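Below is one structure, written out as structure tokens, with a few remarks after it.
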Amino acid sequence: CVLDNVLHDTWFVVAHFHYVMSLGSYISIIIMFIWWWPLITGVSLNKYLLQCQCILSNIGFNMCFFPMHYFGLCGLPRRVCVYESSYNWINTICSVGSFISAFSGCFFVFILWDSLVNRNEILGSYGTSGAITSIMLSPIAYHNNFFTYYFSVDYTYGQYFMDWKDNVYIGSFRGYLV
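Numbering (my numbering), first residue to last: 6 to 183.
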């Protein structure tokens, strides 16, 4: 509770918030692109460039947000218009880290563009898990329906169950075979 009173309304709160929110959302978006880009486009990303981008973004984010924790531990309040000149070098480190983070985001867009230009195509399936995306060929076709239903289903009177066994339709409605 003492630490809460000391760090309340300081830059420590700002630093922690930005670590959690910006890194969480940024990394989630990057991972989503790394996983789904080959499935959607059918081309793979350069893993060496991705590793460089990961290292670069980690350096940038830590240079940007870690010194803010020091601001908070020094007792610097959040809502101050003019700071002491002794904090200029730390503010410069935060600014450089911010530019490195922005550059790593642009570098990731370049990696996506590079994969489309070089056309490193994926042949066959992508991934090794038991998910349905593993059994699909890459890229996934525009119309990727396993079955085409030639009838409409009325869901107004309870649960309706449909299944296919050996290319024969088996269905039940309220326990009755249809």
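Idealized CB from N, CA, C, for every residue including glycine. Since the model is a prediction, treat every value here as computed from it, not as a measurement.
{"Check": "Rounded distance between the beta-carbons of residue 20 and residue 66, thought under 8 Å", "Outcome": "The Cβ separation is near 11 Å, so there is no contact."}
{"Check": "Between the CA atoms of residue 98 and residue 45 - distance to the nearest angstrom", "Outcome": "39 Å"}
{"Check": "Residue nearest to residue 53 in terms of C-alpha spacing, selected from 124, 47 and 116", "Outcome": "116"}
{"Check": "C-alpha distance - residue 35 paired with residue 125, whole-angstrom precision", "Outcome": "19 Å"}
{"Check": "Candidates 22, 28, 14 and 100: closest to residue 63 by CA position", "Outcome": "28"}
{"Check": "CB contact flag (residue 56, residue 109, <9 Å)", "Outcome": "no"}
{"Check": "Whole-angstrom C-beta distance between residue 76 and residue 92, which should lie under 8 Å", "Outcome": "7 Å"}
{"Check": "DSSP three-state assignment for residue 87, whether helix, strand or coil", "Outcome": "coil"}
{"Check": "Close-in-space but distant-in-sequence residues of the same chain around residue 61 (CB under 8 Å, 5 per side omitted)", "Outcome": "105, 108, 109 and 112"}
{"Check": "Alpha-carbon to alpha-carbon, residue 33 and residue 39", "Outcome": "10 Å"}
{"Check": "C-beta contact flag for residue 100 and residue 50 at 9 Å", "Outcome": "no"}
{"Check": "Residue 80, buried or exposed, once every other Cβ within 10 Å from all chains shown has been counted against 16", "Outcome": "exposed"}
{"Check": "Secondary structure, beta strand (DSSP E): runs of 3+ residues fully inside the stretch 37-105", "Outcome": "none"}
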